[in-house]
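If you number the first sequence the way numbering that gives the first Met the number 0 does, the last residue is 922 and the count never jumps.
From the three backbone atoms N, C-alpha and C, an ideal C-beta is built for every residue, glycine too.
See below for the structure under consideration.
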Amino acid sequence: MEYDFRRIEKKWQTAWKEHQVYKVTADFNRPKCYVLDMFPYPSGAGLHVGHPLGYIASDIYSRYKRLKGFNVLHPMGFDSFGLPAEQYALDTGQHPAVTTEKNIATFKSQLDNIGFCYDWSREVRTSDASYYKWTQWIFLQLFDSYYNTQLQKAEPISALVASFEASGNLVHPCPGEPSLQFSAADWKSYTGKKQQAILMNYRLAYCGIGEVNWCEALGTVLANDEVVNGVSERGGHPVVKKKLRQWYLRITSYADRLLEGLNKVAFSDAMKEMQTNWIGKSSGAEVDFAIWNTTHKIRVYTTRPDTLFGVDFMVLAPEHALAAQLASPDRAKAVEEYVTWVKSRSERERMAEKKISGVFTGAYAVHPFDPNRKVPIWLAEYVLAGYGTGAIMGVPCGDERDHRFATHFSIPITNIVGELYTGADAITSKDAILVNSGFLTGLPMTQALEVAIQKVEELGIGVRKVNYKMHDAVFSRQRYWGEPFPIAWDGETPRPLDSNKLPLELPKVDSYRRGPDGLGPLANIPEWMDQKLETNTMPGYAGSSWYFLRFMDPANAAEFCDRKISDYWNQVDLYIGGTEHAVGHLLYSRMWTKALYDLGHIGFDEPFKQLLNQGMIQGSSRIVYHIRGTCKFVSQGLVNNYDCDPIHVDVNIVDGFELDIEAFKAWKPDYSNAEFILEEGKYLCGSEIEKMSKSKFNTVNPDMLVDRYGADTFRMYEMFLGPIEMSKPWDTKGIEGVHRFLKKFWRLYVGDNGQLRVLDTAASPAELKVLHQVIRKTELDTERFSFNTVVSGFMIAVNGLTNLKCQSRDILLPLLVLLQPYAPHISEELYTLLEPAKGLPAGPGLNGASYPVFEEKFVAETTKLYPVAINGKTRTQLELPLSITAEEVEALIKADPVVVKWLEGKPPKKVIYVPNRMINVVQ
RNA sequence: CCGGAUGUGGUGAAAUUGGUAGACACAUCAGACUUAGGAUCUGAUGCCGAAAGGUGUGGGGGUUCGAGUCCCUCCAUCCGGACCA
């Protein structure tokens, strides 16, 4: 009987569903394990082979942990709010809820095909009102809280009000407006409106004014990467910076805890580094520079106050409040032109720009330590308004960018490091001894740093300052398909809705066009506006910042999650997803977790104990070459003879590199009359490794592979491709090898006649050795997420057992348990054949089996085949007992004919013997 | 530009602490069985060479008895950079 994967897989998927095999409950007496995938956005394109990579890994790990006796929570849901659905609605008029529902159905059926062990009874969707009710509730918690810097934790805003009433804001300086100071009496004298405005500067979720990339023609706000050279990527319409009222999360208050928290989680060093760099903590000072002949001051932030005497110019961000005012009459026009130009550029473009640009304002600042020194003030796009104070002091001698700037604009450079500086490159090290630096001259820079800061503070022209590159997260979008804010406006003051009014449901709209004045589409609804409700919606990361909590208690109508239950399931033990979420999603969910912890709603302050990043599966595109001005296509090897354009062709109609010509003609009507110039009777395509995407026709649908080879083959092949965290191109060809393995595995149990081959005969030592080797490998490598080597381990074991003609139940039964996490269907089928009384539905099935225990004695060796190297090059091998002594080895080696030959009769200088490793003879 | 990652046969890759480079597969070639093969099985397969042997983990340099692995340096590719999710 052949391995009939189609019958087997359908049968068990149905049975597992019917018997609710994967349903889990919080069982407080059992050890738990929470394994989570980053839930997907259900795009209209459906799953391609890149998506399931992480899901297969987490499924294997979940099943493995279950066999090891853990109560495993392994849920799945959908991040179902988002822009593509809204864009699709704009284009086609279909409601996002409808397309989203359809897309989710596709995703689910595709996922079910692969045989995942999700507990679907726990499914959540961020766009369901029953879910976003709690997203809104958490938002209100953040709105109603502030960060107590004394206690380093969030507290209800009522505690802050009490403190204001007792002692003004002395104890709690304002994070949003540091210069704000008031007494208890002041506070009590303020109007309610003013009090609310002050509290807004403390709230963890707050309202402010922000700049966005506004595209009038598209009627929408664009992301940085959707803006290219000042115009929209789609359509090429002009884009301008527009000021809008925005909601923010005060994530900067958590910056230090987000940094410290990295010490208690098992993320990769690369991931920790990325988050650390994103937070970008630095320390230094803010220093005021007076402006020549005016009363204005420019405040700069610098991490290198020790180089203050090397200041040769200042640069303001073109958006800086003083930028326009500073320009001298003769420079005004140039300044204005420059500012206009920069405003059309995205932050990304500005940072990536290699060409140096800038404009002199005509104004000068006064050097803070030397009132006679005039420092020219420039504007340049390399200084960003959002970082630090939006102004820098230019020290060309000590900073590479400043050096390039000074050189480009021929600004004279002051040397403060002496001979080290040759005029060619900036000296960025902190090791130099300062010269030409007033009271700092003669000090090493590291010491001067401290001296300079003290002097700055002493003179009252600045303060010591810790700075973060990270800024508060914009939490509102001028979009439709997102969570509405539970906020109603009372004039200028936002009022939270009562939590018993939640959820504030997203209303149906007739049009998804923007509202007036850059407001979101909700502004088009009269009933919405009548209630003065907020017209923004929340961003994509709102729902995904806490979904791991809802999975624990998904149906709870009274709370976002029962505390007893979240205490049990606790942190996610293993979180799997792509590095593209390295900073955004992970930092936001870490912040939300910390805030919920501070407010006493959960008992842990890091959401993810361990993080595994899967690599991206790239597409391997296929290219055909169209001869310009004809309907002919030329094979890849002959392109040089023709004038042709490369065209992406659907990879699914190419076998390896050979194009299926008939399929190509049928692919698009334009090509029905195509002619081909072949080489050796074939049309060969070119190839290119790039991101998998529909537009490049290089996506491969898992359904097709599951249909052709089965889910078990597909699962194992995805793992077999290579290390999970590595990016690699997809190549369908290799799947045959894994499929052959499963057929071979099947034949180990079932003979050609369809009879079970398994007997109750005792296992031989050789068979036991194979079994225990594979137990060890599977266990060790699954624990360290080296799934690809586990698959080869299985292949080696099956090759070994086939050669040994193994039929012993003692070997073949435990082997099924080992394979189950990787290939659950074939394992379940064979298990039921071997153990009819324990298989479903009579018993718990393989899911209830327990993991085989590795025993060293079955794999122990007494000898080792040693490689023998002469001067580091392996020349021969020698089988020696492991118990042999170094003296004995040396004697044997000196007598060995091969060794003697290579030494040409001369005695060896030294024999290096590393037990159980190798032998090296040094001459 | 900034940040992160990765470079090993024709291809995907493997290689506890530095210790036989290329396990396991794909592809290719040869053979067996077969009416047939896109089934199955056996063998070969880094490169140069008839062989002996030489050479080989992106390039260059270093440490070491010994380097894919450690150090320095250069190059290439991929991913991310705050309104795509």
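query: How many angstroms separate the CA atom of LYS139 from the CA atom of SER42?
result: Here residue 139 is Leu; the residue named in the question, Lys, does not match the sequence. Computed Cα separation, rounded: 30 Å.
field: Chain-order list of residues whose beta-carbon lies under 6 Å from that of VAL910 (same chain, five-residue window excluded)
entry: The residues are GLU889, ILE892 and VAL920.
message: Using a Cβ distance threshold of 8 Å, determine whether the stretch 457-468 contacts the stretch 393-401, with at least three qualifying pairs required.
response: No, the stretch 457-468 does not touch the stretch 393-401.
- prompt: Straight-line CA distance for LEU72 to PRO493?
  reply: Going from the Cα of LEU72 to the Cα of PRO493 covers about 39 Å.
message: Give me the residue from GLN453, ASP516, LEU448 and ASP529 with the minimum Cα distance to TRP488.
response: Of GLN453, ASP516, LEU448 and ASP529, the residue nearest in Cα terms is ASP529.
- request: Measuring alpha carbon to alpha carbon, tell me which of LEU814, GLU782, ASN802 and LEU150 ends up nearest LEU845.
  value: When only C-alpha atoms are compared, the closest one is LEU814.
task: Note the first and the last residue of the continuous beta strand (DSSP E) segment covering SER144.
output: Run containing SER144: 144-147, per the beta strand (DSSP E) assignment.
Every unbroken alpha helix (DSSP H) within the stretch 604-680, with a cutoff of 4 residues, ordered by chain: Listed in chain order, the complete alpha helix (DSSP H) runs (minimum 4 residues) inside the stretch 604-680 are 660-666.
- prompt: Per DSSP, what kind of secondary structure is LEU139 in: helix, strand or coil?
  reply: For LEU139, the secondary structure class from DSSP, reduced to helix, strand or coil, is helix.
query: In chain order, what residues of the same chain have a beta carbon less than 6 Å from the beta carbon of VAL416, not counting five sequence neighbours either side?
result: So the qualifying residues of the chain are ILE426 and ALA431.
- request: Below 8 Å CB to CB, which residues in the same chain sit around ASN569 once its five sequence neighbours on both sides are set aside?
  value: So the qualifying residues of the chain are LYS31, TYR33, GLY602 and PHE603.
query: Span of the alpha helix (DSSP H) holding PRO83?
result: Secondary structure note for PRO83: its alpha helix (DSSP H) is the uninterrupted segment 82-91.
Reference THR339, options ARG233, ASN292, ASN228 and LEU141, closest by Cα: Comparing Cα positions, the closest option is ASN228.
query: According to DSSP, is SER129 helix, strand or coil?
result: Of the three classes helix, strand and coil, the one that applies to SER129 here is helix, per DSSP.
message: Suppose contacts are defined by Cβ-Cβ distances below 8 Å. Is MET718 in contact with PHE786 by that definition?
response: Contact check for MET718 against PHE786 passes: the beta carbons are separated by less than 8 Å.
- prompt: Hey, out of ILE652, TYR624 and VAL650, whose CA is closest to ASP642's CA?
  reply: Here the closest residue by C-alpha is TYR624.
- prompt: For the stretch 130-149 against the stretch 541-556, are there 3 or more C-beta pairs whose distance is under 8 Å?
  reply: Yes, the stretch 130-149 is in contact with the stretch 541-556.
Which of helix, strand or coil DSSP assigns to ILE460: Here DSSP, grouped into helix, strand and coil, assigns ILE460 to coil.
query: Three or more beta-carbon pairs under 8 Å between the stretch 819-833 and the stretch 744-754, yes or no?
result: By the C-beta criterion, the stretch 819-833 is judged to be in contact with the stretch 744-754, since at least 3 inter-stretch pairs fall below 8 Å.
query: Name the DSSP bridge partner or partners of THR875?
result: Answer by DSSP bridge pairing, in chain order: VAL867.
- prompt: Mapping DSSP to helix, strand and coil, what is THR293?
  reply: DSSP places THR293 in coil when its eight states are reduced to three.
- request: May I ask you to report which of helix, strand or coil DSSP gives HIS580?
  value: It is helical.
message: Closest to TYR60 by C-alpha separation, out of LEU881, ASP895 and THR777, would be which residue?
response: Ranking the options by Cα distance to TYR60, first place goes to THR777.
task: Could you tell me which residues DSSP puts in a beta bridge with PHE288?
output: Listed as beta-bridge partners of PHE288 by DSSP are ILE297.
- prompt: Would you call the stretch 309-319 and the stretch 378-393 touching, i.e. three or more CB-CB distances under 8 Å?
  reply: Touching, yes.
- request: Could you tell me which residues DSSP pairs with MET917 in its beta bridges?
  value: Listed as beta-bridge partners of MET917 by DSSP are VAL913.
query: What are the residues that DSSP puts in a beta bridge with TYR363?
result: The partner list for TYR363 (beta bridge, DSSP) reads PRO375.
Distance CB(ARG202)-CB(SER144) smaller than 8 Å: When the beta-carbon positions are compared, ARG202 and SER144 come within less than 8 Å of each other.
query: Hey, quick one: how far does the beta strand (DSSP E) through LYS690 stretch, first residue to last?
result: Careful: LYS690 lies outside any beta strand (DSSP E) and carries neither H nor E.
- request: Ignoring anything shorter than 3 residues or poking outside the stretch 812-863, list the beta strand (DSSP E) runs there in chain order.
  value: Counting whole runs of 3 or more residues, the stretch 812-863 contains no beta strand (DSSP E) stretch at all.
- prompt: Relative to the alpha-carbon of ASP3, which residue among THR712, GLY792, LEU767 and LYS531 has its alpha-carbon at the smallest distance?
  reply: Checking every option, the nearest Cα to that of ASP3 belongs to THR712.
- request: Evaluate LYS454 with the Cβ neighbour count: other Cβ atoms within 10 Å of its Cβ, from every protein chain shown; 16 or more gives buried, anything less gives exposed.
  value: Here LYS454 is buried: its Cβ has 16 or more other Cβ atoms, across all protein chains shown, within 10 Å.
- prompt: Residue ranges of each alpha helix (DSSP H) run of no fewer than 4 residues wholly in the stretch 708-759, ordered along the chain?
  reply: The DSSP assignment places 710-719 and 734-748 as complete runs of the alpha helix (DSSP H) inside the stretch 708-759, in order along the chain (cut-off: 4 residues).
Per-residue DSSP class, three states only, for VAL416: Coil, per DSSP.
field: SER231, DSSP secondary structure in three states
entry: If DSSP states are grouped into helix, strand and coil, SER231 belongs with the strands.
query: Which full runs of the beta strand (DSSP E) of 3+ residues lie inside the stretch 382-438, going along the chain?
result: The stretch 382-438 is shown to contain whole beta strand (DSSP E) runs of 3 or more residues at 390-393, in chain order.
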